[in-house]
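*Asks:* Per my numbering, residue 142 is the first one in the sequence shown, and the count goes up by one each step.
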Amino acid sequence: MVSSILIIGGSDAGISAALRAKELDPATAVTMLVADAYPNYSICGLPFYLSGEVEDWHQLAHRTLEEIQAAGIRVALNTRAVEISPQSQAVVTHSHEGGTRTQTYDRLVIATGAQPVQPSILGIDQPGVFLLHSMDDSFKVSAFLQLHEPRRALIVGAGYIGLEMADALTHRGVAVTVVEQQRTVLPTVDETMGESLRRHLEEHGVDVRTGVKIYQIEQTGKALHVTGNPEFDREVDLVLVVVGVEPVTDLAQTAGIELGMRGAIPVDRMMATTVPGVYAAGDCVETYHRLLDRATYLPLGTTAHKQGRIAGENVLGGSRQFAGTLGTQVVKIFDWAIARTGLRDQEAKAAGYVPKTVDFVTWDHKAYYPGAQELRFRITGDSQTGQLLGAQIIGPWQASVAKRVDLFAMALYHQMMVRDLLEVDLSYTPPLGSPWDAVQMAADYWLRTDTH
Ligand SMILES: Cc1cc2nc3c(=O)[nH]c(=O)nc-3n(C[C@H](O)[C@H](O)[C@H](O)COP(=O)(O)OP(=O)(O)OC[C@H]3O[C@@H](n4cnc5c(N)ncnc54)[C@H](O)[C@@H]3O)c2cc1C
Numbered sequence: 142m143v144s145s146i147l148i149i150g151g152s153d154a155g156i157s158a159a160l161r162a163k164e165l166d167p168a169t170a171v172t173m174l175v176a177d178a179y180p181n182y183s184i185c186g187l188p189f190y191l192s193g194e195v196e197d198w199h200q201l202a203h204r205t206l207e208e209i210q211a212a213g214i215r216v217a218l219n220t221r222a223v224e225i226s227p228q229s230q231a232v233v234t235h236s237h238e239g240g241t242r243t244q245t246y247d248r249l250v251i252a253t254g255a256q257p258v259q260p261s262i263l264g265i266d267q268p269g270v271f272l273l274h275s276m277d278d279s280f281k282v283s284a285f286l287q288l289h290e291p292r293r294a295l296i297v298g299a300g301y302i303g304l305e306m307a308d309a310l311t312h313r314g315v316a317v318t319v320v321e322q323q324r325t326v327l328p329t330v331d332e333t334m335g336e337s338l339r340r341h342l343e344e345h346g347v348d349v350r351t352g353v354k355i356y357q358i359e360q361t362g363k364a365l366h367v368t369g370n371p372e373f374d375r376e377v378d379l380v381l382v383v384v385g386v387e388p389v390t391d392l393a394q395t396a397g398i399e400l401g402m403r404g405a406i407p408v409d410r411m412m413a414t415t416v417p418g419v420y421a422a423g424d425c426v427e428t429y430h431r432l433l434d435r436a437t438y439l440p441l442g443t444t445a446h447k448q449g450r451i452a453g454e455n456v457l458g459g460s461r462q463f464a465g466t467l468g469t470q471v472v473k474i475f476d477w478a479i480a481r482t483g484l485r486d487q488e489a490k491a492a493g494y495v496p497k498t499v500d501f502v503t504w505d506h507k508a509y510y511p512g513a514q515e516l517r518f519r520i521t522g523d524s525q526t527g528q529l530l531g532a533q534i535i536g537p538w539q540a541s542v543a544k545r546v547d548l549f550a551m552a553l554y555h556q557m558m559v560r561d562l563l564e565v566d567l568s569y570t571p572p573l574g575s576p577w578d579a580v581q582m583a584a585d586y587w588l589r590t591d592t593h
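Next comes the structure, spelled out in structure tokens:
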């Protein structure tokens, strides 16, 4: 019988596991160890707190501590797990107050998440240079913004967090330069999409430099002198380094777990690790990809919630399986939303498909109704079987970009053919769509287009 569940980590994956276990068996003791003081906070909301759009960081709490405790979950804040002993089913913890304890468990869930990658840039540790992942990181940036009122910022990395922060700092009146070592911004979408987004950033005053690698940050008086290759140097007041994340897995290794792809914890689709009684979920694990039918590393909040919930069910003897990620994601940058799901052309090719990818532009709703805006689609399907493989969309953020990409995600989940999209009964009214929705028009264009 399982009478005690210990969960390490109190963010998306940890809280989802805890809530699901309590929901299924209120009699089981569920304890959540959290290294910091912020259980169940939306770190996805940090750029909007730093922009000032969310005024008070407390608003980022999905649930308050009291609400979590009212669900019957014991929460140990400022308590870091430092060692797991599967033989004795025990975890050694250190609390901020200095106390060391050993806590036993019947089942364990590791949900230690991810941490920002720290690239080898000389001078990255000096004042005025920040990473951004945790609540504490955001407080440091916020304090610096208030105290020093920087006028110029440089962001290293044009992934979605870097670009959200470019928007956020511009919103505060800071002049922003974004530097990316790859050829375009937002390298998770194709270059044509990245190029459009780059122009949109520039229209909003962001200086975008691609193909540049930053190697040094030096203090010069009150400013920071940033140098990169080829031929880049800039004086700014604040530097933000956001070049991706890596799984936090030192603790898992103490349990004898051998790490897999990009140092993440290998799990099966029930979220069980290779160690009996130990489950893991969220940004610290390898993630099963539904189209590739293999493990990937794709850290996202959406996935962490689902995996945590599955772990919370299976620690109580359940047999729920994770259905798999499709890498569905969306980001809002200034007036635009950019979204993707499934595979891009080269990813599909590498996976053994024979992809065909087309670009298609149409209106988000009937052009005669005021405010119609252009949406750009990039659709990938298998040219031999007709199976839908992926979609990318860029357009004004109010034009249902996110919900339209979700339609493609739903179709991918069900392994639908591109032609099936034309048969789905979608809603229509002129201010919001067309009798054939833009998604269906894009699918039709894919069917009619020969790219060879
Ligand atoms: C700025 C930003 C914006 C984002 N925006 C989006 C978005 O729009 N959409 C999206 O899907 N995803 C987004 N993400 C990603 C998303 O936030 C993560 O995928 C998600 O938080 C992962 O949840 P997690 O529980 O696995 O790990 P984390 O959120 O990393 O949490 C890990 C938890 O483990 C605790 N912990 C770690 N080590 C220990 C230890 N030894 N002992 C005890 N506790 C420990 C930490 O304190 C924390 O509570 C964003 C991330 C950031 C940083």
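All residues carry an ideal CB built from backbone N, CA and C; glycine is no exception.
Any heavy atom of ligand 1 closer than 8 Å to the CB of E305?
*Replies:* What you label residue 305 is simply residue 164 of the sequence shown in a count that begins at 1. The answer is yes for E305.
*Asks:* Identify the residues that DSSP records as bridge partners of R221: which are they?
*Replies:* Reading the sequence shown from its first residue, position 80 is the one you call residue 221. Its beta-bridge partners are H235.
*Asks:* Need the endpoints of the beta strand (DSSP E) that F373 sits in, please.
*Replies:* For the purposes of this step, residue 373 is taken as the residue at position 232 of the sequence shown. F373 -> beta strand (DSSP E) spans 373 to 377.
*Asks:* Closest by CA to G483, which one among I474, G465, P291?
*Replies:* In the sequence shown, residue 483 corresponds to position 342, counting from 1. Answer by Cα proximity: G465.
*Asks:* Who does A478 pair with in a DSSP beta bridge?
*Replies:* As a first step, residue 478 is located in the sequence shown; it is residue number 337 there, counting from the start. According to DSSP, which records beta bridges pairwise, A478 is partnered with K473, G536.
*Asks:* Can you find at least 3 beta carbon pairs, one from the region 491 to 511 and one from the region 460 to 474, that sit closer than 8 Å?
*Replies:* Short answer: they don't touch.
*Asks:* State the DSSP-derived secondary structure class of Y420, mapped to helix, strand or coil.
*Replies:* Your numbering for residue 420 matches position 279 in the sequence shown. In the structure shown, Y420 sits in a strand (DSSP, three-state: E or B).
*Asks:* When the Cα atoms are used, what is the spatial distance from G150 to P388?
*Replies:* Numbered from 1 along the sequence shown, position 9 holds the residue referred to as residue 150. Numbered from 1 along the sequence shown, position 247 holds the residue referred to as residue 388. In a straight line, the C-alpha of G150 is about 13 Å away from that of P388.
*Asks:* Cβ atoms of Q230 and I358: under 9 Å apart, would you say?
*Replies:* As a first step, residue 358 is located in the sequence shown; it is residue number 217 there, counting from the start. As a first step, residue 230 is located in the sequence shown; it is residue number 89 there, counting from the start. Their beta carbons are not under 9 Å apart, which means I358 does not touch Q230 by this criterion.
*Asks:* Quick check on L288: buried or exposed, where buried means 16 or more other Cβ atoms within 10 Å of its Cβ?
*Replies:* Indexing the sequence shown from 1 puts residue 288 at position 147. It is exposed - the Cβ of L288 has fewer than 16 other Cβ atoms within 10 Å.
*Asks:* Would you mind listing the alpha helix (DSSP H) stretches within the region 247 to 302 that are 4+ residues and don't spill past its ends, in chain order?
*Replies:* Whole alpha helix (DSSP H) segments, 4+ residues: 276 to 289.
*Asks:* Looking at C-alpha atoms only, which residue of V297, D391, E564, T333 is the closest neighbour of Y356?
*Replies:* As a working note, residue 356 is residue 215 in the sequence shown. Closest by alpha carbon: V297.
*Asks:* By the three-class DSSP mapping on this structure, what secondary structure does W504 have?
*Replies:* For the purposes of this step, residue 504 is taken as residue 363 along the sequence shown, with counting starting at 1. Strand, per DSSP.
*Asks:* Measure the C-alpha to C-alpha separation of Y509 and K490 and round it to an integer number of angstroms.
*Replies:* To locate residue 509, count along the sequence shown from 1; it is residue 368. To locate residue 490, count along the sequence shown from 1; it is residue 349. C-alpha separation (whole angstroms): 40 Å.
*Asks:* Is it the case that the Cβ atoms of T318 and D278 are separated by a distance below 9 Å?
*Replies:* The sequence position of residue 318 within the sequence shown is 177, counting from 1. The sequence position of residue 278 within the sequence shown is 137, counting from 1. The answer is no: Cβ separation not under 9 Å.
*Asks:* Quick one, which of V386, G493, D476 has its alpha-carbon nearest L433's?
*Replies:* Within the sequence shown, the letter at position 292 stands for residue 433. The shortest Cα separation from L433 among V386, G493, D476 belongs to G493.
*Asks:* Alpha carbon to alpha carbon, what distance is there between M551 and S541?
*Replies:* For the purposes of this step, residue 541 is taken as the residue at position 400 of the sequence shown. For the purposes of this step, residue 551 is taken as the residue at position 410 of the sequence shown. Going from the Cα of S541 to the Cα of M551 covers about 15 Å.
*Asks:* Just how far apart, CA to CA, sit W587 and D476?
*Replies:* The count along the sequence shown starts at 1 and reaches residue 587 at position 446. The count along the sequence shown starts at 1 and reaches residue 476 at position 335. Cα to Cα, W587 sits roughly 27 Å from D476.
*Asks:* DSSP on V495, reduced to helix/strand/coil?
*Replies:* Locating residue 495 in the sequence shown gives position 354, counting from the first residue. In this structure, V495 counts as coil in the three-state DSSP scheme.
*Asks:* Output the residue ranges of the beta strand (DSSP E) runs that lie fully inside the region 406 to 465 and measure 3 residues or longer, sorted by chain position.
*Replies:* DSSP runs (the beta strand (DSSP E)) wholly in the region 406 to 465: 419 to 421, 428 to 430, 435 to 437.
*Asks:* Taking Cβ to Cβ, would you say A158 is nearer than 9 Å to A252?
*Replies:* By one-based count along the sequence shown, residue 158 stands at place 17. By one-based count along the sequence shown, residue 252 stands at place 111. The answer is yes: Cβ separation under 9 Å.
*Asks:* Please classify M196 as buried or exposed, where buried requires at least 16 neighbouring CB atoms within 10 angstroms.
*Replies:* Here the question's residue 196 lines up with position 55 in the sequence shown. It is worth fixing the name first, because residue 196 is Glu in this sequence and not Met. So E196 counts as exposed.
*Asks:* Tell me whether I355, by its Cβ, gets closer than 8 Å to a heavy atom of ligand 1.
*Replies:* Counting from one through the sequence shown, the residue named residue 355 turns up at place 214. Not so, every heavy atom of ligand 1 lies at least 8 Å from the Cβ.
*Asks:* So the alpha helix (DSSP H) A584 belongs to, where does it begin and stop?
*Replies:* Residue numbering aside, residue 584 sits at position 443 when the sequence shown is read from its first letter. Taken as a continuous stretch (DSSP letters only), the alpha helix (DSSP H) holding A584 covers 579 to 589.
*Asks:* Using the DSSP secondary-structure output, state which residues sit across from G483 in a beta bridge.
*Replies:* If you number the sequence shown from 1, residue 483 lands on position 342. G531.
*Asks:* Is V389 close to ligand 1? I mean its beta-carbon at under 8 Å from any heavy atom of the ligand.
*Replies:* Sequence index remark: in the sequence shown, residue 389 carries index 248 (1-based). At least one heavy atom of ligand 1 is nearer than 8 Å to the Cβ of V389, so yes.
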